[in-house]
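First comes the structure, then the notes that go with it.
Residue numbers (the numbering used here): 2 to 248.
This is the structure we're talking about:
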């Protein structure tokens, strides 16, 4: 039984976590399916919308029954970490649409996306230390990058949960919507704005933003050199100048 619902649109793929009976817990089968989605988006780059739907749960974390039985070799295999890193490295921008709890590995899955939109009933948290482990699928480095070291350490050390208002205030999410029905339209609206841009410019911009500091300014210069020779750049600038002249 598939743990994902996948909708392919011309410029984007919508992936919905679909294990409601398990509160969308992330198990090995779901991870394998996420790898398959990534393989498709690496081969044919498009925008990605990742959601748990609007039923009041994004992902309740890893499947604890599976997690309890894992040993050190499983940890070294980076089961969740590798999939989330692959999502983070996708060529085109990604948006997570979060309704309800995003906890543990569920929160880390949301952090792996470039942007996050959530409902007013969304909750984020890293309870790993209370279960005798650490947040090993990206939170220890992605969370400080998103909200700052001190705030990230507080959440990682205490397991305290963050509601939607605080998540917006500290920069963990980009938008909060009042009603669940607004969540997916708002997320699609963000992707629509991105889709107005050049696909190649989007890809190279994401590559530049995600690159280590030592890659700059050389990566920026090389990327701009590629874009300056792109036919799409010439077409878009010509249209801009013609619109301005017509005014």
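Cβ atoms here follow ideal geometry from the backbone N, Cα and C, with glycine treated the same way.
Computed from a predicted structure; not experimentally measured.
My output table needs one value for residue 227: the three-state DSSP class, helix, strand or coil. Residue 227 falls in the helix class under three-state DSSP.
Taking Cβ to Cβ, would you say residue 108 is nearer than 8 Å to residue 165? No, the Cβ-Cβ distance between residue 108 and residue 165 is not below 8 Å.
Going by beta carbon distance, what residues of the same chain come within less than 6 Å of residue 55, once the five residues before and after it are set aside? The residues are 100, 181, 184.
At the level of alpha carbons, what is the spacing between residue 171 and residue 153? 10 Å
Please work out which residues of its chain come closer than 6 Å, Cβ to Cβ, to residue 7, disregarding the five sequence neighbours upstream and downstream, and give them in chain order. 16
Tell me the DSSP secondary structure of residue 39 in three-state form. Here residue 39 sits in helix by DSSP.
Looking at C-alpha atoms only, which residue of 187, 136, 175, 178 is the closest neighbour of residue 158? 136
Using 8 Å for Cβ pairs, my map puts residue 249 next to residue 119. What's the rounded Cβ distance? Outside the displayed range of the chain (2 to 248) lies residue 249, so it cannot be described from this structure.
Helix, strand or coil: which one does DSSP assign to residue 210? helix
I think residue 96 touches residue 114, with their Cβ atoms under 8 Å apart; what is that distance to the nearest whole Å? The C-beta distance from residue 96 to residue 114 rounds to 6 Å, short enough to meet the 8 Å contact threshold.
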